[in-house]
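Chemist: Per the numbering used here, the very first residue in the sequence shown carries number 5; after that it's consecutive. Think of the CB as a built atom: it goes at the ideal place given N, C-alpha and C, for glycine as much as any other residue. Remember, predicted model here, so these are calculated numbers, not experimental data. What follows is a single structure, and I will ask about it in a moment.
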Amino acid sequence: MKKLNNSPLLIVMILFISLLILNSCGGVPEEKGETSAAEDNVFSVDEVLEMVSKENDVTRTLYTKAIVGKGMLQGMKFDEDWRKDDVEAGPLPALFLRGVATSIKKGPVPLGLYLGSDFPVNKANKFEGQQAELFKDIKETQEPKFFYDESQELHTAMFADLASAQACVTCHNDHPQTTKTDWKLGDVMGATTWQYPKDSLTYSGAIEVLNAYSKGTVDIYMEYLDEIAAFKSSEKPVIGDKWPSEGNYLPSPEVFLDSVRKLSSYDTMKTLIASK
Ligand code: HEC
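Structure below.
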């Protein structure tokens, strides 16, 4: 992928510099009271949920292909019961996402994340009500849906979750609890639902949302590495700067996050900078 090497830190720096330039080149004649540009609500909630959803796409694809897919070829195990003491395995992609959602929920940023479907493996992941209705359109068009959920009083965005790797299709079709056995590559298998209480965000609010998401990925990835540290009978992969494609290796949390940032922040930065 031809993406640039950027990190949220870099994004923050670029924003900061843009603000400095804005303030110093005479474009902003007067300080308007106490509020500076950085405190204006410059992003609609839809824009921010779209940004975080793009980061999630990259993270999810990287985890599914480079860790789960390649790891399984090295004999690494991934299991829905990965947290059980007698199961020596890592989290499946959907449970990785659940881990991210749980971590976000524990933190101060009021961002909700849920992965649902019309034919779920796990009944708890079945869309209901308004989301079930909107998901029908998403299946047809693969386009996201943005709406205000009156009952929960939350701004909501739903994005298609595609069967982007053969592993998604095979595992879901063969799963004992599956409710559908003919998933195909490219199908809309579900949607990620994101929710946030306010209709607009400041720069720093948007960055807090993105940071809450990356912190979530690091938290669940570290839980996976902790699980490995406790393996008794399975061979432990070496954790460092190598990936499972090279052998029995796993990237450290820093290396994993750095790759996510390299792959995703170019899009994110474009949005941050293009928005007025
Ligand atoms: C090795 C097995 C496996 C692989 C690979 C896998 N999944 Fe899943 N997936 C599961 C299981 C098991 C669940 C249910 C987890 C839970 O919530 O308990 C699940 C949950 C989901 C859900 C939520 C709805 C449901 O079925 O419960 C979606 C959507 C989903 N997966 C899509 C995908 C996509 C897209 C990929 C590939 C990028 C993928 N899965 C890869 C096993 C797998």
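Could you tell me if residue 152 is buried or exposed, where buried requires 16 or more neighbouring beta carbons within 10 angstroms of its beta carbon?
Modeler: Sequence index remark: in the sequence shown, residue 152 carries index 148 (1-based). With fewer than 16 other Cβ atoms within 10 Å, it is exposed.
Chemist: So, using beta-carbon positions, are residue 120 and residue 108 closer together than 9 Å?
Modeler: Numbered from 1 along the sequence shown, position 116 holds the residue referred to as residue 120. Numbered from 1 along the sequence shown, position 104 holds the residue referred to as residue 108. Contact: no.
Chemist: Give the single residue among 98, 45 and 58 whose Cα lies nearest to the Cα of residue 161.
Modeler: Residue mapping note: residue 161 aligns to position 157 of the sequence shown, counting from 1. Here the closest residue by C-alpha is 58.
Chemist: Which of the three DSSP states, helix, strand or coil, is assigned to residue 26?
Modeler: As a first step, residue 26 is located in the sequence shown; it is residue number 22 there, counting from the start. Residue confidence is low: residue 26 scores 45 on pLDDT, short of 50, so the model does not pin down where it sits. Its coordinate-derived value is still stated next. Residue 26 falls in the helix class under three-state DSSP.
Chemist: Where residue 55 and residue 266 are concerned, what is the direct C-alpha to C-alpha distance, given to the nearest angstrom?
Modeler: Residue 55 sits at position 51 when you count from the first residue of the sequence shown. Residue 266 sits at position 262 when you count from the first residue of the sequence shown. Distance between the alpha carbons of residue 55 and residue 266: 15 Å.
Chemist: Look at the alpha carbon of residue 239 and the alpha carbon of residue 93, and state the distance between them as a whole number of angstroms.
Modeler: For this step, residue 239 is matched to residue 235 along the sequence shown. For this step, residue 93 is matched to residue 89 along the sequence shown. When rounded, the distance between both Cα atoms is 11 Å.
Chemist: Given this structure, state the Cα-to-Cα distance separating residue 188 from residue 70, to the nearest angstrom.
Modeler: Within the sequence shown, numbered from 1, the residue matching residue 188 stands at position 184. Within the sequence shown, numbered from 1, the residue matching residue 70 stands at position 66. Straight-line Cα distance between these residues: approximately 20 Å.
Chemist: Look up residue 204 in the DSSP assignment and give the residues it is bridged to.
Modeler: As a first step, residue 204 must be located in the sequence shown, where it is residue number 200. According to DSSP, residue 204 bridges with 48.
Chemist: Using a Cβ-based criterion (distance less than 8 Å to any ligand heavy atom), does residue 163 qualify as near the ligand HEC?
Modeler: Taking the sequence shown and counting its residues from 1, the one referred to as residue 163 is at position 159. Incorrect: residue 163 has no Cβ contact closer than 8 Å to the ligand HEC.
Chemist: So for residue 256, helix, strand or coil by DSSP?
Modeler: Residue mapping note: residue 256 aligns to position 252 of the sequence shown, counting from 1. Reduced to three states, the DSSP call for residue 256 is coil.
Chemist: Name the two residues that bound the continuous alpha helix (DSSP H) containing residue 76.
Modeler: Indexing the sequence shown from 1 puts residue 76 at position 72. Its alpha helix (DSSP H) spans residues 74-77.
Chemist: So residue 253 and residue 197 are supposed to be a Cβ contact under 8 Å. How far apart are they, rounded?
Modeler: Here residue 253 is taken as the residue at index 249 of the sequence shown, counted from 1. Here residue 197 is taken as the residue at index 193 of the sequence shown, counted from 1. Actually they are not in contact, since the Cβ atoms of residue 253 and residue 197 sit about 34 Å apart, beyond 8 Å.
Chemist: Nearest to residue 85 by CA position, among 76, 222, 98 and 74, is which residue?
Modeler: If you number the sequence shown from 1, residue 85 lands on position 81. Nearest C-alpha to residue 85: 98.
Chemist: Identify which residue in 112, 73 and 268 has its Cα closest to the Cα of residue 201.
Modeler: Along the sequence shown, read from residue 1 onward, the residue named residue 201 stands at position 197. Comparing Cα positions, the closest option is 112.
Chemist: Distance check for residue 143 and residue 114, CA to CA, integer angstroms please.
Modeler: Stepping through the sequence shown from its first residue, residue 114 is reached at position 110. Stepping through the sequence shown from its first residue, residue 143 is reached at position 139. About 28 Å.
Chemist: Count the other CB atoms within 10 Å of the CB of residue 60; is the residue buried (16 or more) or exposed (fewer)?
Modeler: One-based indexing of the sequence shown puts residue 60 at position 56. So residue 60 counts as buried.
Chemist: In the DSSP assignment, the alpha helix (DSSP H) including residue 103 goes from what residue to what residue?
Modeler: Your numbering for residue 103 matches position 99 in the sequence shown. Here the alpha helix (DSSP H) through residue 103 covers 97-110.
Chemist: Straight-line CA distance for residue 172 to residue 217?
Modeler: Working through the sequence shown from its first residue, we reach residue 172 at position 168. Working through the sequence shown from its first residue, we reach residue 217 at position 213. Those two C-alpha atoms are separated by around 23 Å.
Chemist: Can you round the beta-carbon distance between residue 221 and residue 264 to whole angstroms, since I take them to be within the 8 Å contact cut?
Modeler: Along the sequence shown, one-based indexing puts residue 221 at 217. Along the sequence shown, one-based indexing puts residue 264 at 260. Contact holds; Cβ gap of about 7 Å.
Chemist: Residues in the same chain with beta-carbon distance under 7 Å from residue 170, minus the five sequence neighbours each way, listed in chain order, please.
Modeler: Position 166 of the sequence shown, counting from 1, holds the residue named residue 170. Closer than 7 Å at Cβ, skipping near neighbours: 189.
Chemist: So, are the CB atoms of residue 75 and residue 248 less than 9 Å apart?
Modeler: Sequence index remark: in the sequence shown, residue 75 carries index 71 (1-based). Sequence index remark: in the sequence shown, residue 248 carries index 244 (1-based). Against a cut-off of 9 Å, the Cβ pair of residue 248 and residue 75 comes out as a contact.
Chemist: Between 49, 134, 168 and 228, which has its C-alpha nearest residue 156's C-alpha?
Modeler: On the sequence shown, position 152 is the one that residue 156 refers to. With distances taken between Cα atoms, residue 156 lies closest to 134.
Chemist: Do residue 210 and residue 62 have their C-beta atoms closer together than 9 Å?
Modeler: In the sequence shown, counting from the first residue as 1, residue 210 sits at position 206. In the sequence shown, counting from the first residue as 1, residue 62 sits at position 58. No, they are not a contact pair.
Chemist: For residue 115 and chain B, any beta-carbon pair shorter than 9 Å?
Modeler: In the structure shown, chain B cannot be found, because there is only a single protein chain.
Chemist: So who's on the other strand from residue 233, going by DSSP bridges?
Modeler: Here residue 233 is taken as the residue at index 229 of the sequence shown, counted from 1. Answer is none; residue 233 lacks a bridge partner.
Chemist: Report the rounded CA-to-CA distance for residue 251 versus residue 158, giving the unit in angstroms.
Modeler: Against the sequence shown, residue 251 aligns to sequence position 247. Against the sequence shown, residue 158 aligns to sequence position 154. Cα-Cα distance, rounded: 45 Å.
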